[in-house]
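Numbering (full-length UniProt numbering), first residue to last: 1 to 220.
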């Protein structure tokens, strides 16, 4: 495809849509790859897929491959789901929760999210979903941004407690955060200190330029 080849020289935007949640969504050919971006950051594929792939590698592909149930809070274009299915060879059920219906339409049309097997997409607010769900999960991936901003509820006791309740023993949380200033660093340090001896917490700073990953294993 000519556009794909040309994108090795400069990015080529092929689709744009306004969004109440993400302001502006763009599908762009960039270095031969189709990516989904918001106004100021990559939403799926591109750098975001690299970040979450690293997080999954830290947990271990072989371990994840045998998980029965995975929850993805914040789907966007579905790149982490694609990684789980295509690269990790995960056969378990994947539930993706995304508040923005527009972004799921784009994910289906341009990235084939709707043809991936064993995936259920729920259009809902992540906070509301974790309150309602009765299921327990082996892996919970939290990747929620509104452009470059992270909703404050992600760092509040009630949400953290509820996510931990939904996690099976020996299960993992993979939490992608953005650190842009000293306040964000302090927020992440406070988040890390929240977990007691029943959890094994690892923090991976400077994954790409501004992202910091947490992997959290529930021990008991």
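C-beta atoms are modelled at their ideal positions from N, C-alpha and C, and glycine is treated no differently.
- DSSP places residue 217 in no alpha helix (DSSP H) but in the uninterrupted beta strand (DSSP E) bounded by 211 to 218.
- In the DSSP assignment, residue 202 forms a beta bridge with 215.
- Within the same chain, Cβ atoms closer than 6 Å to the Cβ of residue 67 are found at 92, 138 and 139, the five residues on either side in sequence being excluded.
- By a beta-carbon distance limit of 8 Å, residue 72 contacts residue 94. Their separation comes to about 6 Å.
- Distances from the CA of residue 127 to each of 155, 107, 111 and 104 were compared; the closest alpha carbon is that of 155.
- Just measuring C-alpha positions, the residue of 188, 80 and 124 sitting nearest residue 116 is 80.
- DSSP places residue 35 in the strand class (E or B) of the three-state scheme.
- For residue 144, there is no enclosing alpha helix (DSSP H), as DSSP marks it with neither H nor E.
- Setting aside the 5 residues that flank it on each side, residue 185 is surrounded in the same chain by 179, each with a C-beta closer than 7 Å to its C-beta; the list follows chain order.
- In the structure shown, the three-state DSSP call for residue 83 is helix.
- Annotation: the continuous beta strand (DSSP E) that includes residue 172 extends over 167 to 178.
- The alpha-carbon of residue 210 is positioned some 31 Å away from that of residue 136.
- Pairing residue 123 with residue 100, the inter-Cα distance amounts to about 7 Å.
- Per the coordinates, the alpha-carbon of residue 56 lies some 15 Å from the alpha-carbon of residue 205.
- In the DSSP assignment, residue 137 forms a beta bridge with 167.
- From the listed residues 144, 7, 30 and 23, the smallest Cα separation to residue 125 is found for 144.
- Looking only at 20, 48, 4 and 59, the smallest Cα-Cα distance to residue 14 is reached by 4.
- Under the DSSP definition of a beta bridge, residue 23 partners with 19.
- In the DSSP assignment, the residues bridged to residue 29 are 12 and 34.
- Residue pairing for residue 121: DSSP places it in a beta bridge opposite 96.
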